[in-house]
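Only one structure is covered here, and it is reproduced in the block below.
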Amino acid sequence: MSPRHRDSAQKRKAVVIACEFGIAESRRNEPVAICAVDCLTGDTLVSSLVALSQPMFDWRKNIHGIDLHQINAAMKSGQCLAGWRAARDKLFEYIDEETILVGYGIRLPLELLRFYHTNIVDPQVLVTAAIFPKRIPLMGKGKYKSPLPHVCSEFLRITLRQGLHGEVGIHDRLENALAAREIALKCIQKPDELRDWAHRKKIEFW
1 MSPRHRDSAQ KRKAVVIACE FGIAESRRNE PVAICAVDCL TGDTLVSSLV ALSQPMFDWR
61 KNIHGIDLHQ INAAMKSGQC LAGWRAARDK LFEYIDEETI LVGYGIRLPL ELLRFYHTNI
121 VDPQVLVTAA IFPKRIPLMG KGKYKSPLPH VCSEFLRITL RQGLHGEVGI HDRLENALAA
181 REIALKCIQK PDELRDWAHR KKIEFW
C-alpha cells in the first residue's frame, strides 16, 4: 500500500501517474517506463525508463518505442530505475496515503508497481460515467470504449502522439500523464462542458 501519512513529510497533494509496459515471459505485465506529474502545478516529478525484473516475451515496442537497447543504454548512463520496486520507491518519495493519485486507466500503473491506493481519480471513469451514468452498455453497438487519444481529440480538442520522439503514433509517457491531468481538471472545473460533450457522445453511440 502507499506510505502512511506523516505531518513531518512534505508530500504532494495530487499526482498524475502514467506507465508504459511490456509482457514478460511469465506473461505478467512489467513496467518499462514511469512518469509522475504534480497535478496542481504540472511539474514533472519522475520521468524514467525502468530496468527489467524478468525476461521479456513482448516489449510492445510498436506501442511505446522502448526496447532492450534503450534500457541498457539508460542503465549504463545511470538514467534508469532499477526495476519496478525502484520505480515504486521513487514514486513514494512524492506521495503518501493522503495524496490523490490521478491516472487514465489507473488500475494498470497500480498493478505494474504492485501497490494499492484508495484515494484515486481516474479520468477515464469520469468521462465514461458522464456518458453512461447508470451503466456502460454491453449490447447494441458493443461495449463503449474511451481510449485516451479519442477523448483528447473530442473533449479537449488536442491531438496526441504527433511524434514527440520522431515516430508518429508512439506513446509518450509525459504526454499521456499531462493529457490525463487536463481531462481530470476539465471534468472538475467545467462540468457543463463535460455534460454537453457526454450528451453528444451518448447520442452518437446509439
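Under full-length UniProt numbering, the first residue of the sequence shown is numbered 1, with each subsequent residue one higher.
Beta carbons: idealized from backbone N, C-alpha and C, even for Gly.
Quick caveat, the model's predicted, so the values are computed rather than measured.
(message) Helix, strand or coil, according to DSSP, for LEU148 in the structure here?
(response) helix
(request) Compute the Euclidean distance between the alpha carbons of VAL168 and ASN176, then round it to the nearest angstrom. (result) Residue placement at VAL168 is flagged as unreliable, the pLDDT there being 49, under the threshold of 50; the coordinate-derived value follows with that caveat. So the alpha carbons of these two residues sit roughly 14 Å apart.
(message) Please tell me whether LEU101 and VAL16 are closer than 9 Å, where the distance is taken between their beta carbons.
(response) yes
(message) Contact defined as beta carbons within less than 8 Å: I believe LEU91 pairs with VAL46. What is the distance between those atoms, to the nearest angstrom?
(response) 6 Å
(message) So the candidates are ALA198, ARG60, SER2 and ALA51; which of them puts its Cα closest to the Cα of SER146?
(response) ALA198
(message) According to DSSP, simplified to helix, strand and coil, what is MET75?
(response) helix
(request) Please confirm whether CYS39 and LEU185 have their CB atoms less than 9 Å apart. (result) yes
(request) Tell me whether PHE205 is buried or exposed, calling it buried when 16 or more other Cβ atoms sit within 10 Å of its Cβ. (result) exposed
(message) From the DSSP secondary-structure annotation, give me the bridge partner or partners of MET56.
(response) ALA24
(message) When you compare the CB positions of GLU25 and SER53, do they come within less than 9 Å of one another, or not?
(response) no
(message) Assuming ASN29 is part of the beta strand (DSSP E), what are its boundary residues?
(response) 29 to 38
(request) Would you kindly report the start and end of the unbroken beta strand (DSSP E) that includes THR44? (result) 44 to 50
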